[in-house]
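See structure below.
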Amino acid sequence: MVLYSATTSGFEQVHGVLDKAMQALGVAPAAGGDAASGYSLAEGDDPSLFAGRQAAVLARGKRVGSMGIVRPEVLANFEINFPCSVLEMDIEWALSEDGQR
């Protein structure tokens, strides 16, 4: 999990971490819309993130995480006063023998 908090939400910061993590795992961006060949982003549905400002992370056609800007109500529950963006991703699929790495 990655959490970025500052005076701005920093969505681009967590997106950059996603790109670097996938590069380290040997997974390239999906080429030509072929989600089975790499990783891509799709519309997300996480209730703790702003609708329209979030994405599901897909790798080789399977959902492996989510990223987006955290809703203010969620931040208030943790007494966080600045906007935050988050990336949450499972990497077990890439580390397993059947992860096709």
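Just so we're aligned, residue 16 is where the sequence shown starts under our numbering, counting upward by one.
The C-beta atom is built at its ideal place from N, Cα and C for all residues, glycine as well.
Here A74 is buried, its C-beta having at least 16 other C-beta atoms within 10 Å. Collapsing the DSSP output to three states places P98 in coil.
Sequence-distant partners of L56 (beyond 5 residues in either direction) whose C-beta falls short of 6 angstroms from its own C-beta, in its chain, are A70. Ranked by how close their Cα comes to the Cα of M104, the residues S81, N96 and V29 have S81 in first place.
Bounds of the beta strand (DSSP E) holding A74 are L64 to A74. Between L102 and L33 the beta-carbon gap is near 6 angstroms, inside 8 angstroms, which marks them as a contact.
Here P44 is not near G31, since their CB atoms are 7 angstroms or more apart.
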